[in-house]
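For what it's worth, numbering that gives the first Met the number 0 labels the leading residue of the sequence shown as 0, then goes sequentially.
In what follows, a single structure is set out as structure tokens and then discussed.
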Amino acid sequence: MELLAGARTDAERHDLRRMITGQRWLPVDPAADFEAAAIIYAACRSAGFTPGGLTDCMIAAIAIRTGSTLLAGDQGFARIALIVALQLDAPQSPQASSPGDR
């Protein structure tokens, strides 16, 4: 949803939609994931950080439950990962690579 909303052109939206449909989707377990998201939100608040929203907490909860690594460049997920057992892999920005990597 956020990826598609961030598309700047119809062509970019089309490419993103094609990429998304080719991915493996993790199942949602409403009973477990809704409660886990609320617990993650509360843990973050107790640690002095307010997550970007319950959607981020839900994504984190599903990743934790399924033992999946979350690929996200959002700093909110990096902060959540400091508080709960979220495995996070952050993509490197092109500016972060050294000149020899190009």
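Even for Gly, the Cβ is constructed at its ideal location relative to N, Cα and C.
Just so we're clear, the structure is a prediction, and the values are computed from it rather than from any experiment.
- The shortest C-alpha to C-alpha distance from residue 59 to any of 15, 9, 88 is the one to 88.
- The beta carbons of residue 75 and residue 51 sit closer together than 7 Å.
- Contact annotation: residue 6 and residue 12 have beta-carbon atoms nearer than 7 Å.
- For residue 88, DSSP records a beta bridge to 70.
- Between the alpha carbons of residue 79 and residue 8 lies a gap of roughly 31 Å.
- The alpha carbon of residue 14 has as its nearest neighbour, out of 23, 24, 2, 68, the alpha carbon of 2.
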